[in-house]
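Undergrad: Same order as they appear, the protein sequences are chains D and C.
Quick note on my numbering: the first sequence kicks off at 1 and runs consecutively.
Quick note on my numbering: the second sequence kicks off at 1001 and runs consecutively.
For every residue, glycine included, the Cβ atom is placed at its ideal position computed from N, Cα and C.
Here it is, the structure, as structure tokens.
There are 2 protein chains.
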Amino acid sequence: MLVTSAPDSPPVGRARLADVAALAGVSVGTASKALNGAGRMRPETRQRVLDAVEALGFRPNQHAQSLHSGRSWTVGLMTTDGIGRFSTPVLLGAEDALGAGKISVLLCDTRGDAIREQHHLRNLTDRRVDGVIVAGRRTDPRPPLTGIDPAIPVVYALSPSADPADTSVVTDDRGGARLAVEHLLATGRTRIAHVTGPEHHQAARDRARHAVEHLAAAGLEPAAGRVHFGEWSEAWGRRAADAVLRTAPRTDAVFCGNDQIARGVADALRERGKDVPGDIAVVGYDNWDTMALACRPPLTTVDMNLAEIGRIAALRLLQAIDAEPEPGVHTVPCRLVVRESS
Amino acid sequence: MLVTSAPDSPPVGRARLADVAALAGVSVGTASKALNGAGRMRPETRQRVLDAVEALGFRPNQHAQSLHSGRSWTVGLMTTDGIGRFSTPVLLGAEDALGAGKISVLLCDTRGDAIREQHHLRNLTDRRVDGVIVAGRRTDPRPPLTGIDPAIPVVYALSPSADPADTSVVTDDRGGARLAVEHLLATGRTRIAHVTGPEHHQAARDRARHAVEHLAAAGLEPAAGRVHFGEWSEAWGRRAADAVLRTAPRTDAVFCGNDQIARGVADALRERGKDVPGDIAVVGYDNWDTMALACRPPLTTVDMNLAEIGRIAALRLLQAIDAEPEPGVHTVPCRLVVRESS
DNA sequence: AGGTCACGAGCAAACCTTTTCCTAGACGGT
DNA sequence: ACCGTCTAGGAAAAGGTTTGCTCGTGACCT
């Protein structure tokens, strides 16, 4: 059977369906039906075909299948700012969900370059991908993809499309801020400062606004009466902690816009002789393990469930491919990870 | 021309080569030749075809091309331990180099699971990928892929294959250790400690062995007379720094096996009142920006040029696809990034 | 015993491009 | 003017699978 070259139909290389059919003594079409379950046929005929498939190690040629069906069983995954801390979990979540549906992922990194984006887009269109996921980094809306075949569904993850008619999956910054504030309130803190990133980042603005709102709902206002906007860095966290100690010395908790800031805050507080969480609790945002776990003490922080965002984006894409898309912005809830800093 | 449905050949959906040929008044075969440059033909005929391509926005159907040529212009990129700090730059480097060759990357993450690896491998084989890159995380050799079609070339990146007949691209741990030690010697340090990860990691063993060898070549031995093996964590760095100060108080430099350890060492030294680099220099390994730049002071560290490893792996793969593979282990040199900690 | 119905299996077209082989025409040389 | 050669372009097959349609056979009912 598996000799290197048979007399007339040499199965050198991979076996074709024709080889299977010949071995089973049926026509090619019948062999195909036996494999795909369609049509009715005698069980023993089907079994003969399956035996032949087994004997020859036949695997269908996906190029031929794709040519026939027009589907590639492939989606493009475009990351717009390199592949970093934020896009990686999204990417893995998407890959996981798509792999279950027998769909593979074509990776395209634009490095934030519009030319490169166009180039990848043309490539994906030429490959007749079944869909595209665009994974951003920031939560600010991004302009929708231009020049893509409207027949190819697109889902935006993390950075929503500026066009509300598109489908986007984003994190729930409101819920995240609420989780953090309510946790601090529940553990008895009342003089809570908020230190976060640059005000021109929507994530910083949203988290700050909702944190303040939730404090107000409890009849409180942020320590020192204002939000501390700055950078997403440890250095800013350290400077801000000093500022908070100076201007609002009775502060008993700091909610930080990300884990780097939180770590900087925790470091500075410790170096100023404050006990975390004894004197002041610290809560971060991102659950970036290398920061949250290496912090002294390990950080309580908000996890955005990035992998879940990727998974949901993939499911939305599958839905848009097979059925009707569900446009609009879908938010994925956050989760509070409590550790020793609060 | 671009009406939704012409009388007999409605160019609904995408234009086919037949549409182009019809518009240009030539046969399909001639249109193909005009596009691919092969065969001789009158310049004005070729131009007519190109004009038709332009008018219809024709793009060749890659499924048909792949079916014909047997090539998919696609390579599989398998990451074996999730996509993390180490594999991401490799992955991007590879994607970049392959994209230049009109080849796209199929992403497969095995999560370190052999079952998943087999599953992905079968999928890639079914898709007739032109080649596979296996990107590991640790530098310890890994068992070669099993059950892959021997006609598909494979290149291992970062984790070499245990089979020397395979092609692998790895980092130069010897050179990295030499860069660090020679830098410290050149800046006048002579009592150099080495703090690194677990001894069962080949990276830790290699860097330690070569560091010790280079010290010996200068007539020195490591401070405290031995290498400090431990974990790849900041906590271990802090503990080890204390141990070094206790057992070898005159130490004037610490070369660390990674940046996390280095940061822990720097933190502990500062907290013990030592000045870095005034009293003691600290050198890290990995050039992991979030660690190296956030460290106080910013870390001098060894950069493994991971993106270059990915790039070279991709080039080796392209070579193996188009021509003869060049088996064996290829090492990519490191680069020392000098900052303020030394 | 003959006719009809149903089920099993095969044929062929369609998916689209590339490439080889072949034909017809033109031009040049004798 | 005729023959040979060269070239441009067309026809057709190959690459492999899916699927609708058709055909044939067997069984059952009248």
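1) If you run the structure through DSSP and keep just helix, strand and coil, what is L1106(C)?
2) In three-state terms, what does DSSP make of V1020(C)?
3) Does T1043(C) pass the burial test, meaning 16 or more other C-beta atoms within 10 Å, or should it be called exposed?
4) In this structure, how does DSSP classify D1303(C) when only helix, strand and coil are distinguished?
5) Using a Cβ cut-off of 7 Å, which residues of the stretch 1133 to 1156 of chain C contact any Cβ in chain D, in chain order?
6) Please determine, among S1159(C), R1137(C), D1130(C), T1171(C), the residue with the shortest C-alpha to C-alpha distance to I1152(C).
7) Using DSSP with H/G/I as helix, E/B as strand and the rest coil, what is V1329(C)?
8) Is it buried or exposed for T146(D), if we count other Cβ within 10 angstroms and need 16 for buried?
9) Along chain C, which residues have their Cβ under 8 Å away from the Cβ of Q62(D)?
10) Note down the Cα distance separating G1175(C) from F1255(C), rounded to an integer number of angstroms.
11) Taking 7 Å as the CB-CB cut-off, is A1248(C) touching chain D?
12) Comparing C-alpha positions only, which one of D1242(C), L1056(C), T1251(C) sits nearest to V1265(C)?
13) Using the rule of at least 16 other Cβ atoms within 10 Å of the residue's Cβ for burial, across every protein chain shown, is S1069(C) buried or exposed?
14) If we ignore side chains and look at the alpha-carbon of each, how far apart do R189(D) and L245(D) end up?
15) Cβ atoms of A180(D) and V283(D): under 7 Å apart, would you say?
16) M1041(C) lies in the beta strand (DSSP E); which residues open and close that run?
17) Between the stretch 257 to 271 of chain D and the stretch 283 to 299 of chain D, do three or more beta carbon pairs fall short of 8 Å?
18) How would you label P141(D), buried or exposed, when you count the other beta carbons within 10 angstroms and need 16 or more for buried?
19) Does any C-beta atom of chain D lie closer than 7 Å to the C-beta of T1349(C)?
20) Could you name the residues of the same chain whose beta carbon sits closer than 6 Å to that of R191(D), not counting the 5 residues immediately before and after it, in chain order?
21) If you check the beta carbons only, do P160(D) and V329(D) fall under 7 Å apart?
22) Quick one: list the residues of chain C neighbouring D109(D), beta-carbon separation under 7 Å, in chain order.
23) Could you pull out every residue in the same chain whose Cβ sits closer than 7 Å to the Cβ of H1194(C), ignoring the five residues on either side in sequence?
24) Specify the secondary structure class of T167(D) as computed by DSSP and reduced to three states.
25) Just to confirm, are A1313(C) and V1169(C) a CB contact at a threshold of 7 Å?
26) Check whether the Cβ atoms of P150(D) and D163(D) sit closer than 7 Å, and answer yes or no.
27) If I follow the unbroken alpha helix (DSSP H) through I133(D), where does it start and stop?
28) Could you tell me if H214(D) is buried or exposed, where buried requires 16 or more neighbouring beta carbons within 10 angstroms of its beta carbon?
29) Is there a Cβ of chain D sitting closer than 7 Å to that of V1329(C), yes or no?
30) At what residues does the alpha helix (DSSP H) containing A1241(C) begin and finish?
31) For chain C, is any of its Cβ atoms less than 7 Å away from the one on L106(D)?
32) Going by beta-carbon coordinates alone, are L1317(C) and I1083(C) separated by less than 7 Å?
33) Using a Cβ cut-off of 7 Å, which residues of the stretch 1032 to 1054 of chain C contact any Cβ in chain D, in chain order?
34) Just the Cα atoms here: how many angstroms apart are S1027(C) and M1041(C)?
35) When burial is assigned at 16 or more other CB atoms within 10 Å of the CB, is D1051(C) buried or exposed?
36) Once you ignore the five residues that flank A31(D) on each side, which residues in its own chain have a CB closer than 7 Å to its CB?
TA: To lay it out plainly:
1) Assignment of L1106(C) by DSSP, reduced to helix, strand and coil, places it in the strand class.
2) Three-state DSSP puts V1020(C) in a helix.
3) The amino acid at residue 1043(C) is misidentified as Thr; the sequence shows Pro. P1043(C) is exposed by the Cβ-count criterion.
4) Strand, per DSSP.
5) So nothing in the stretch comes that close.
6) The shortest C-alpha separation from I1152(C) is found at D1130(C).
7) If DSSP states are grouped into helix, strand and coil, V1329(C) belongs with the strands.
8) Its Cβ having fewer than 16 others within 10 Å, T146(D) is exposed.
9) Within chain C, the residues D1126, R1127, R1128 have their CB atoms less than 8 Å from the CB of Q62(D), given in chain order.
10) Between G1175(C) and F1255(C), the C-alpha separation is close to 14 Å.
11) No - not a single Cβ of chain D is within 7 Å of the one on A1248(C).
12) For V1265(C), the closest alpha carbon among the candidates D1242(C), L1056(C), T1251(C) is that of D1242(C).
13) S1069(C) counts as exposed, since fewer than 16 other beta carbons sit within 10 angstroms of its beta carbon.
14) Distance from the CA atom of R189(D) to the CA atom of L245(D), rounded to whole angstroms, is 16 Å.
15) Cβ atoms of V283(D) and A180(D): closer than 7 Å.
16) Counting along the chain, M1041(C) falls outside any beta strand (DSSP E), and DSSP gives it neither H nor E.
17) Flag = yes, the stretch 257 to 271 of chain D and the stretch 283 to 299 of chain D touch.
18) Under this definition P141(D) is a buried residue.
19) Here chain C covers residues 1001 to 1342 and nothing more, so residue 1349(C) does not appear.
20) Excluding the 5 residues flanking it on each side, R191(D) has same chain C-beta neighbours closer than 6 Å at A223, R250, T251, D252, in chain order.
21) With contacts defined as CB atoms closer than 7 Å, P160(D) and V329(D) qualify as a contacting pair.
22) Result: L1092, E1095.
23) Excluding positions up to five away in sequence, the list reads A1208, A1211, P1222, V1227, H1228, F1255.
24) Look at T167(D) here: in three-state DSSP terms it is strand.
25) Going by beta carbons, A1313(C) and V1169(C) fall inside the 7 Å limit.
26) Inclusion of P150(D) and D163(D) in the CB contact set at 7 Å is not warranted, their separation being larger than that value.
27) No alpha helix (DSSP H) contains I133(D), which is instead part of the beta strand (DSSP E) from 131 to 135.
28) Counting Cβ neighbours within 10 Å, H214(D) comes out buried, since at least 16 surround it.
29) With its beta carbon at least 7 Å from every one in chain D, V1329(C) lies outside the interface.
30) Counting along the chain, the alpha helix (DSSP H) containing A1241(C) begins and ends at 1234 to 1247.
31) Residue contact check for L106(D) against chain C: a CB pair falls below 7 Å.
32) Result no, Cβ atoms of L1317(C) and I1083(C) do not sit closer than 7 Å.
33) So the list is empty, because no residue satisfies the distance condition.
34) Approximately 13 Å between the Cα atoms of the pair.
35) Exposed is the call here.
36) Non-local beta-carbon contacts of A31(D) in its own chain, meaning distances under 7 Å to residues more than five positions away in sequence, involve L17, V20, A21, A24, V49 in chain order.
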